[in-house]
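**Student:** Pasting a structure here, questions to come.
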Amino acid sequence: MDLTWSAEDEDFRAEARSWLEANVPRPALASGDTRDGFARHLDWEKRLFENRWAVVSWPEEFGGRGASIWQWLIFEEEYYRAGGPQRVTQNGIFLLAPTVFEFGTAAQQARILPRMAAADDLWCQGWSEPGAGSDLAGITSRAERTDGGWSLTGQKIWTTRGAFCTHLFGLFRTDPDSSRHKGLTYFLVPLDAPGIEVRGFGRLDGDEGFAEVFLDGVEVTDDDILGGVGQGWSVAMATTGSERGLTLRSPGRFTAVVDRLISLAAAEQTSDPLLIDRVVQGWMDAEAYRLFTLQAVTSLAGGAKPGAESSLNKIWWSEMDIRLHETALALQGPAAEIDDGWMKGFEFALSGPIYAGTNEIQRNIAAERVLGLPRS
Amino acid sequence: MDLTWSAEDEDFRAEARSWLEANVPRPALASGDTRDGFARHLDWEKRLFENRWAVVSWPEEFGGRGASIWQWLIFEEEYYRAGGPQRVTQNGIFLLAPTVFEFGTAAQQARILPRMAAADDLWCQGWSEPGAGSDLAGITSRAERTDGGWSLTGQKIWTTRGAFCTHLFGLFRTDPDSSRHKGLTYFLVPLDAPGIEVRGFGRLDGDEGFAEVFLDGVEVTDDDILGGVGQGWSVAMATTGSERGLTLRSPGRFTAVVDRLISLAAAEQTSDPLLIDRVVQGWMDAEAYRLFTLQAVTSLAGGAKPGAESSLNKIWWSEMDIRLHETALALQGPAAEIDDGWMKGFEFALSGPIYAGTNEIQRNIAAERVLGLPRS
Amino acid sequence: MFFGFDDDQLALRDAVAGLLDKRAGLAYLQNAWTDPTGDPTWAVWPELAEMGVQGLMIPEARGGSGFDWVTMTLVLAETGRVALPLPLAETAAVAATALARDHTLLGAIASGEVVVTATAEVGQPAPSATRADWFIVGDRMFARDDVSLVPVRSVDRTRDAALVSPQAAGHPLAGGTEAGALATAAVLVGVGRALVAMSVEYVKDRQQFGVPVGSFQAVKHHLANAALAVEFAAPTVWAAAWEMDTGAQTAGRSVSLAKAMASDAAERAARIALQCHGAMGYTDDYHLHFWLKRVWALAPAFGSARSHRLRMAGQLGLAR
Amino acid sequence: MFFGFDDDQLALRDAVAGLLDKRAGLAYLQNAWTDPTGDPTWAVWPELAEMGVQGLMIPEARGGSGFDWVTMTLVLAETGRVALPLPLAETAAVAATALARDHTLLGAIASGEVVVTATAEVGQPAPSATRADWFIVGDRMFARDDVSLVPVRSVDRTRDAALVSPQAAGHPLAGGTEAGALATAAVLVGVGRALVAMSVEYVKDRQQFGVPVGSFQAVKHHLANAALAVEFAAPTVWAAAWEMDTGAQTAGRSVSLAKAMASDAAERAARIALQCHGAMGYTDDYHLHFWLKRVWALAPAFGSARSHRLRMAGQLGLAR
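Chains as they are written, first to last, in the numbering used here: chain A, 411 to 786; chain B, 411 to 786; chain C, 9 to 328; chain D, 9 to 328.
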């Protein structure tokens, strides 16, 4: 056991901190889930890329620094500590990129990753469909063989920031006779291709953070397939591991929220011991998450694959995030109904137990694959 | 809406209060779930009967006062307010008797009820079996036709105070080819019949409050059947309604616990606002239960049948009871580990979400029969 | 002892429910979301007045119908059920009961001419700030000219909220915050019941894994928990109303019980309703969010559950 | 950065686990329930000493093996896993670390000759009262002759508990309550993990409605919740141990975090384990109750979760 950082890691932290303190935009940018705000966030992403902070853990050839997973954690901690803007590129960087690294050909990696890092291509996820949510295997969007490649037809929904993105990665059924997890293929699709229509719509807070994507005979090639025809489910599951686990939600996000919560308690001059106790519990939950993550990353750094424990991870952070925001709203009293700051954060936090596999599904997975209970 | 009591009801309350204050034994009797304690509780039951307080809501001919359901509530309130002993006759009075009133012949009523009221016969419930708990329809104990009646063979378990009782009411399979809810019959069985062996065993707190009952060719007659051959399930469900609903847990039980909890908070000179808040929440929960019950009893008094809402009722009181005791233990600090008073009450409260249909089953029932969700 | 409602009370509740179903459905609410101050939103106000809702608790001599709190809470629960974006609780329950029984404004309230809004304390948001003629802050009432208003964007856009700061002495009221707490509790019971009912319908319909999601035990238990919370809160509201009507000594404590139970129950129902709707609940393209956001605005209004528990602690002799 | 254990630590943990599995199984525990002071119960004590457990944290110069808190918490979790009814936490963790590093008693502790029990405050129950030679109360230690003991019937009969009141000045200790909190947290993690594991085995085996009860979603979610609580508490214990070993400035706060998390997690696991066992958990004929009752005794010992949260509030600058 050694919970200290190496000198190299401390140097990395110092460099990140100093750059972020000098560069994080003030005042905070408008929401990246609105058309205007997205454009400003894009500028920020390009700035990050130019300074090689966009994808610190990627190899240098693709725009990264070859940073270790520990340094990635440190960067995240510093990024959120500094109040860095939401990462509008995150669905590409955190969900697609790990899959490209694992399953992409060298040509695909070269084609996709640098442009993703530079925020030239903006990727959104095309998995859910009106009839396939928690039950992702219920996908009916299809890819039909053509002379030159494939023709995609169907409808995707709940595509985060789909209206502002340039490309979509998604699952399509290539074997018309298949059902459930079989016969699916993972496609990479430019959103400006003929036959695609994208309709943005509101999240809970009204920002246009979602889109529906309608595909009608969209032509793509074999080069746009990631990981082989019919392999879509297992390829996608690699991404799901990332989505649920460490990468999407680093501890630094929550320790930063807790710091703001403690400041809020001070600013509101809270004298109610129940509220103070809830703030302490929030700090504890975030600290436990940080330590659980250090333990998990030690295991990953030792060569282990992320497993079903990532379900426990997702349940913890998503429900903690809601409690942290509920505590902040309680500190604010009736003024909490004003729709900015903590209330918007609360609305966003409420998506945690729903997206990337509902927490009901996560608890099933934890029970079946971590504890070994029988599938029903 | 009129939440006042009639003059008649107030007179009834005054009479009950005055008798109880003069007669409730001091100091409190030893646990009725031990052999010694049971005997002392039996004396108390006979005293109650002699003064016509044993079964206030029964007709006078069977030993009651013909009291209204409202007066029954008042009696319970006064009984627990006065710290009256646990009712060791309750499984007969509250579970069997309603079934006898509904399904028994006049001869059965005359044979069973007065002796039950007088605590001459002591009834225990023989429903659960090693393989039939939550899944009560999994009963395998059987009754075989003989010349003179029926021969009972099988094993019952979790029979409350079975080692101290004289009679058992239980479900047996009369149709050997039947399964699940069909082919069951409701039998009344004297525990001193040849072929019966009763083994008492410990509850969580170690008191001998449970028994296993082994039946091997026990002879009973057609007169020992309640409600008809093969009708056991629907006859038993009437009792289940009682067990889950109002009769087993009158609000007076919990308002008395809350009163003791408030006194404990005062005695411990609690200055922790969190503990005080939990005491207040306990009072609120008990008060809500009282009001919910007044609403339900108004409906029953208007002629409605108890329905699936009794599932909500059971979930509420059983989980409230645990919280009330947890709060008391928290007030006591490390000394709470001493196994008397509140700790014993806590151990008893923990049975609430398990017996009479686990709260998981109750939530299924509430969802399916109250809310109309589809059975799975 | 009779814990229930008489035929007149139920008839009035049903009449109001009928009007709201006809005139304040989803399309109405959708419009009110973008235009909370507009005439289409407010067209329901005079219709409610015509039915006697604003004057429900106003003496007949002042143009009302002299009903009681029990009836009022039943009616307010109906307005919560449809998430009505009008200040009926504030006008018909708070103003109508907290003004002196012979106040000249009562007639104008009963007739629907006057709109009153209310908040518990200075600097807290009050709804319908654009349309309100009078502003209640705690136990005082102010004319529109006597307050300064800072419009705020409420999470519930239909609220048209503003922070109210009085600039004059105002008229004294009796029991305004008590009335506000009880009225809000009644609305929350209606909102909570609607959230349970909408969720039940949704999960019966929505199919995943080849079955309705409502057939999964986790979903069943979520909704059983929501129903449990709301159905145990409801009788505390009716009982508090009855105690207010009869001037019971414990009426204040019972109002606190009702508001604390209703706030917690509605918040729980909102959380569960959203989770049971999944992504469909997480878009403002779907109607669930109207009810969620009403809960978030009303649960802390006129005293959070915690503040009412603190008050009860005192009443139970537990305050230190 | 390395959040894990080295091979020596794991080997020692496994050796202790092996001994406990062989010598302190269910039959042993059942006997200890009725005879907590008897020789069969205490026969394990010298065997543990022979393996070096009592001397784990005692300097080699004093007959110990000079291991650290990280190793000690790993070992204590194993004693929790089997609900060992001996005062190992009190002797090997509290006394061995809170006595001066050159105290003459250390040798006798390491050799297993001396039994020490501990409690956080005067008048609170301490375990193994009959067999203990020394009694720690907070940050002072007393010889047996210097305390008055009032035996009490603990809900956990194996505890052989007594209320301890010192009758003399006693020896001063350094960090006894801190050590007690951390050691108890480690034991509770082991007890909590055992509760989850036993429940998983039970619900896989127990059939109702023709299927294992562990295939019902409600049961799955209960046990996922229990595992979640315990597995997030565990790393807070290891981290606190490491901070104690390295003398980190935040060590006290980390110990409070560990004890608060472990107490709450174990209580949650106990509640869920009982519910998942149904009636089978509700009889002392079945072994589950040993672990339940250990939780109820240890969760409030050396500071409840709440009291540690209060302490953290101060450390976080939140105390008012």
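Cβ atoms here follow ideal geometry from the backbone N, Cα and C, with glycine treated the same way.
This structure is a prediction, so every number in the text was calculated from the model and none was measured.
(1) Quick one: list the residues of chain B neighbouring A/Pro683, beta-carbon separation under 7 Å, in chain order.
(2) Considering only residues of the same chain and omitting the five flanking positions on each side of B/Gly473, which have a CB-CB separation below 8 Å?
(3) Just mark B/Met647 as buried or exposed, buried being the case when its beta carbon has 16 or more other beta carbons within 10 Å.
(4) Where does the unbroken beta strand (DSSP E) through D/His229 begin, and where does it stop?
(5) Starting from A/Arg552, follow its DSSP beta bridges and name the residues at the other end.
(6) Can you pull the chain B residues whose beta carbon is under 8 Å from the beta carbon of C/Leu236, in chain order?
(7) Would you mind stating whether C/Ala226 and D/Gln225 have Cβ atoms separated by less than 8 Å?
(8) Output needed for A/Glu486: all residues of its chain with C-beta closer than 6 Å, excluding positions within five of it in sequence on either side, in chain order.
(9) Counting only beta-carbon separations shorter than 8 Å, does A/Asp750 have a partner in chain B?
(10) Over the uninterrupted beta strand (DSSP E) stretch that includes D/Trp142, give me the two end residues.
(11) Between which two residues does the alpha helix (DSSP H) carrying A/Met694 extend?
(12) If distances are taken between C-alpha atoms only, which option among C/Thr258, C/Gln283, C/Asn233 comes closest to C/Asp272?
(13) Could you check what DSSP says for B/Arg521 in three-state terms: helix, strand or coil?
(14) Could you tell me whether the Cβ of D/Trp299 comes closer than 8 Å to any Cβ of chain A?
(15) Determine the contact status of C/Gly12 and C/Pro54, defining contact as a CB-CB distance below 8 Å.
(16) Do we get a CB-CB distance below 8 Å when we pair B/Pro744 with the residues of chain D?
(17) Which residues of the region 204–220 of chain D have a Cβ closer than 9 Å to any Cβ of chain C? Give them in chain order.
(18) Going by DSSP, what residue range makes up the beta strand (DSSP E) through C/Leu326?
(19) Can you give me the start and stop residues for the alpha helix (DSSP H) that B/Gln535 sits inside?
(20) Taking the alpha helix (DSSP H) that B/Glu719 belongs to, which residues open and close that run?
(21) If we ignore side chains and look at the alpha-carbon of each, how far apart do B/Gly642 and B/Arg427 end up?
(22) Do you know whose CA, among B/Asp602, B/Thr556, B/Tyr765, lies nearest B/Cys575's CA?
(23) Any C-beta of chain D sitting closer than 8 Å to the C-beta of A/Glu697?
(24) From what residue to what residue does the alpha helix (DSSP H) around D/Val303 run?
(25) So with CB distances below 8 Å, who are the chain B contacts of A/Asp633?
(26) Are the CB atoms of B/Arg613 and B/Ser731 within a distance shorter than 8 Å?
(27) For B/Val690, which of B/Arg700, B/Gln679, B/Leu671 has the nearest alpha-carbon?
(28) Starting from the Cα of B/Arg773, find the closest Cα among B/Gly493, B/Ala477, B/Ser728, B/Phe504 and give me that residue.
(29) How is the alpha helix (DSSP H) around D/Ala170 delimited, first residue to last?
(30) Starting from A/Pro763, trace the alpha helix (DSSP H) both ways and give me its first and last residue.
(31) Could you pull the DSSP bridge partners for A/Glu607 from this structure?
(32) Have a look at the DSSP bridge pairing and note the partners of C/Arg148.
(33) Taking the alpha carbon of C/Ala274 as the reference point, which residue from C/Tyr294, C/Met288, C/Lys301, C/Asp253 has its own alpha carbon closest?
(34) I'd like to know whether the C-beta of B/Asp687 is nearer than 8 Å to at least one C-beta of chain A.
(35) Could you spell out the range, first to last residue, of the beta strand (DSSP E) harbouring B/Val599?
(36) For a quick check, are the C-beta atoms of D/Gly131 and D/Thr185 less than 8 Å apart?
**Tutor:** Let's see:
(1) Translated into positions along the first sequence, residue 683 of chain A becomes position 273. Those within 7 Å of A/Pro683 in chain B are Pro683, Leu684.
(2) Here residue 473 of chain B is taken as the residue at index 63 of the second sequence, counted from 1. Cβ within range, chain order: Phe459, Arg462, Ala464, Val465, Leu523, Pro524, Ala527, Ala528.
(3) Sequence index remark: in the second sequence, residue 647 of chain B carries index 237 (1-based). It is exposed - the Cβ of B/Met647 has fewer than 16 other Cβ atoms within 10 Å.
(4) Numbered from 1 along the fourth sequence, position 221 holds the residue referred to as residue 229 of chain D. Where D/His229 is concerned, there is no enclosing beta strand (DSSP E), although the alpha helix (DSSP H) it sits in stretches over 225–254.
(5) In the first sequence, residue 552 of chain A corresponds to position 142, counting from 1. The partner list for A/Arg552 (beta bridge, DSSP) reads A/Thr563, A/Arg583.
(6) Residue mapping note: residue 236 of chain C aligns to position 228 of the third sequence, counting from 1. Near C/Leu236 (Cβ distances below 8 Å), the residues of chain B are Leu722, Ile725, Trp726, Ala776.
(7) Counting from one through the third sequence, the residue named residue 226 of chain C turns up at place 218. Counting from one through the fourth sequence, the residue named residue 225 of chain D turns up at place 217. Yes; because the gap between Cβ atoms is below 8 Å, this pair is in contact.
(8) Taking the first residue of the first sequence as 1, we reach residue 486 of chain A at position 76. Same-chain partners within the cutoff: Ser660, Gly662.
(9) Against the first sequence, residue 750 of chain A aligns to sequence position 340. Output row for A/Asp750: interface = no.
(10) Within the fourth sequence, residue 142 of chain D is the residue found at index 134, counting from 1. Its beta strand (DSSP E) spans residues 142–145.
(11) By one-based count along the first sequence, residue 694 of chain A stands at place 284. That run of the alpha helix (DSSP H) goes 683–711.
(12) Here residue 272 of chain C corresponds to residue number 264 of the third sequence, with the count starting at 1. Among C/Thr258, C/Gln283, C/Asn233, the Cα nearest to that of C/Asp272 is on C/Asn233.
(13) Numbered from 1 along the second sequence, position 111 holds the residue referred to as residue 521 of chain B. If DSSP states are grouped into helix, strand and coil, B/Arg521 belongs with the helices.
(14) As a working note, residue 299 of chain D is residue 291 in the fourth sequence. Not closer than 8 Å to any Cβ of chain A, the Cβ of D/Trp299 fails to qualify, so no.
(15) Counted from its first residue, the third sequence places residue 12 of chain C at position 4. Counted from its first residue, the third sequence places residue 54 of chain C at position 46. Not in contact: C/Gly12 and C/Pro54 (Cβ atoms no closer than 8 Å).
(16) One-based indexing of the second sequence puts residue 744 of chain B at position 334. Yes, B/Pro744 lies at the interface with chain D (some Cβ there is under 8 Å from its Cβ).
(17) none
(18) To locate residue 326 of chain C, count along the third sequence from 1; it is residue 318. Careful: C/Leu326 lies outside any beta strand (DSSP E) and carries neither H nor E.
(19) For this step, residue 535 of chain B is matched to residue 125 along the second sequence. No alpha helix (DSSP H) holds B/Gln535; the beta strand (DSSP E) holding it covers 533–536.
(20) Indexing the second sequence from 1 puts residue 719 of chain B at position 309. From DSSP, the alpha helix (DSSP H) with B/Glu719 extends over 719–742.
(21) What you label residue 642 of chain B is simply residue 232 of the second sequence in a count that begins at 1. What you label residue 427 of chain B is simply residue 17 of the second sequence in a count that begins at 1. Near 39 Å, if we compare the C-alpha coordinates of B/Arg427 and B/Gly642.
(22) Locating residue 575 of chain B in the second sequence gives position 165, where the first residue counts as 1. The shortest Cα separation from B/Cys575 among B/Asp602, B/Thr556, B/Tyr765 belongs to B/Asp602.
(23) Here residue 697 of chain A refers to the residue found at position 287 when the first sequence is read from its first residue. Closer than 8 Å to some Cβ of chain D, the Cβ of A/Glu697 qualifies, so yes.
(24) Translated into positions along the fourth sequence, residue 303 of chain D becomes position 295. Here the alpha helix (DSSP H) through D/Val303 covers 296–306.
(25) As a working mapping, residue 633 of chain A is identified with position 223 in the first sequence. Result: empty, since nearest Cβ-Cβ is about 45 Å, beyond 8 Å.
(26) Locating residue 731 of chain B in the second sequence gives position 321, counting from the first residue. Locating residue 613 of chain B in the second sequence gives position 203, counting from the first residue. Note that residue 731 of chain B is Asp in the sequence shown here, rather than Ser. No, the pair does not count as a contact, with Cβ atoms beyond the cut-off.
(27) Translated into positions along the second sequence, residue 690 of chain B becomes position 280. Taking only the C-alpha atoms, the option nearest B/Val690 is B/Leu671.
(28) Here residue 773 of chain B refers to the residue found at position 363 of the second sequence. The candidate whose alpha carbon is nearest that of B/Arg773 is B/Ser728.
(29) The residue given as residue 170 of chain D occupies position 162 in the fourth sequence. Unbroken run through D/Ala170 is the beta strand (DSSP E), 170–174; no alpha helix (DSSP H).
(30) On the first sequence, residue 763 of chain A is found 353 positions in, with the first residue counted as 1. Unbroken run through A/Pro763: none, as it is neither H nor E.
(31) Numbered from its first residue, the first sequence carries residue 607 of chain A at position 197. DSSP lists A/Phe624 as partners of A/Glu607.
(32) Translated into the one-based positions of the third sequence, residue 148 of chain C becomes position 140. Its beta-bridge partners are C/Val145, C/Pro180.
(33) Stepping through the third sequence from its first residue, residue 274 of chain C is reached at position 266. Minimum Cα distance to C/Ala274 is reached at C/Lys301.
(34) Along the second sequence, one-based indexing puts residue 687 of chain B at 277. It does: the Cβ of B/Asp687 has a partner Cβ on chain A nearer than 8 Å.
(35) The residue given as residue 599 of chain B occupies position 189 in the second sequence. Unbroken beta strand (DSSP E) run through B/Val599: 594–600.
(36) Taking the first residue of the fourth sequence as position 1, residue 131 of chain D is located at position 123. Taking the first residue of the fourth sequence as position 1, residue 185 of chain D is located at position 177. No, the pair does not count as a contact, with Cβ atoms beyond the cut-off.
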